[in-house]
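Working notes, structure below.
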Amino acid sequence: MGRMTRRLALLLLTLLSAGCGKDHGINVSDIDNLTYSHEGTAGRPQPLPLANHSKEFASLVEWLERNRSGWKPLEATLLPGGLSIFGDGFYLRVIHQTAVLRYQDESGQPRLLHKKIPADRFAFLMDP
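FYI, the numbering for the sequence shown is 6 to 133, going by this note's numbering.
The following block contains the structure:
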């Protein structure tokens, strides 16, 4: 393999690995409290608690664990509306087919990440 071909292959691998995304740094075993609210309704929405031992609570924690990787940095403001989920040390906003995750990493730096998700992933929370 020629020098130019090796450089091209290395560049291609670097570009492909850069698009793979980041892992979120949330310790899901520390999540004890979850609330959610539907935004876009009249007035300020009142967060609704999820019982710690409910299937919805378990489903959200499991989703965060299974979706630890594949996130991409977001450098934009959040649009209003959608479903907001508040947890211990994080905030998850679901708008259409996008999940936006905000938290502080272990060094205290704020992180804002996003990921495409199936449109019906959180449908069980959409009917108040």
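By construction, the Cβ of each residue, glycine as well, lies at the ideal position given by its N, Cα and C atoms.
To the nearest angstrom, how far is the alpha carbon of residue i from that of residue j?
| i | j | result |
| --- | --- | --- |
| Asn-72 | Phe-95 | 14 Å |
| Leu-142 | Arg-98 | Summary: the structure shown does not reach residue 142, with the chain confined to residues 6 through 133, and so no result is reported for it. |
| Pro-52 | Val-33 | 20 Å |
| Val-105 | Ser-59 | 23 Å |
| Asp-35 | Leu-118 | 20 Å |
Indicate whether residue i and residue j have their beta-carbon atoms separated by less than 8 Å.
| i | j | result |
| --- | --- | --- |
| Leu-130 | Glu-61 | yes |
| Gly-30 | Lys-77 | no |
| Ile-90 | Tyr-41 | yes |
| Leu-69 | Leu-55 | no |
| Lys-120 | Gly-75 | yes |
Please list, in chain order, all residues of the same chain as residue i whose beta carbon is under 6 Å from its beta carbon, the five residues on each side excluded.
| i | result |
| --- | --- |
| Asp-125 | none |
Measure from the C-beta of residue i to each C-beta in chain D and report whether the shortest distance is under 8 Å.
| i | result |
| --- | --- |
| His-101 | The structure shown contains no chain D; it is built from a single protein chain. |
In its own chain, which residues sit with a C-beta less than 7 Å from the C-beta of residue i, not counting the 5 before and 5 after it?
| i | result |
| --- | --- |
| Asp-37 | Asn-57 and Asp-93 |
| Glu-111 | Gly-30 |
How is the alpha helix (DSSP H) around residue i delimited, first residue to last?
| i | result |
| --- | --- |
| Pro-124 | The sequence given here has Ala at residue 124, not Pro. It is not in any alpha helix (DSSP H) - Ala-124 carries neither H nor E in the DSSP assignment. |
| Arg-73 | Note, Arg-73: premise wrong, no alpha helix (DSSP H); not H, not E. |
Who are the near neighbours of residue i in its chain, counting only those whose CB is closer than 8 Å to its CB and skipping five residues on each side?
| i | result |
| --- | --- |
| Ala-23 | The predicted position of Ala-23 is uncertain, since its pLDDT is 43 and thus under 50; a value taken from the coordinates is nonetheless stated next. Cβ neighbours of Ala-23 beyond the five flanking positions: none. |
| Pro-123 | Gln-102 |
| Tyr-108 | His-29, Gly-30, Ile-31, Gly-94, Phe-95, Tyr-96, Pro-115 and Arg-116 |
Would you give the residue range spanned by the beta strand (DSSP E) that residue i belongs to?
| i | result |
| --- | --- |
| Pro-54 | 53-55 |
| Val-33 | Where Val-33 is concerned, there is no enclosing beta strand (DSSP E), given that its DSSP letter is neither H nor E. |
| Glu-44 | 39-44 |
| Ser-59 | Run containing Ser-59: none; DSSP gives neither H nor E here. |
| Gln-109 | 103-109 |
| Ser-89 | 87-92 |
| Phe-95 | 95-100 |
Q: Assess, as a yes-or-no matter, whether the stretch 54-66 is touched by the stretch 75-84 under the definition of 3 or more beta carbon pairs within less than 8 Å.
A: With the cut-off at 8 Å, the stretch 75-84 and the stretch 54-66 do not touch.
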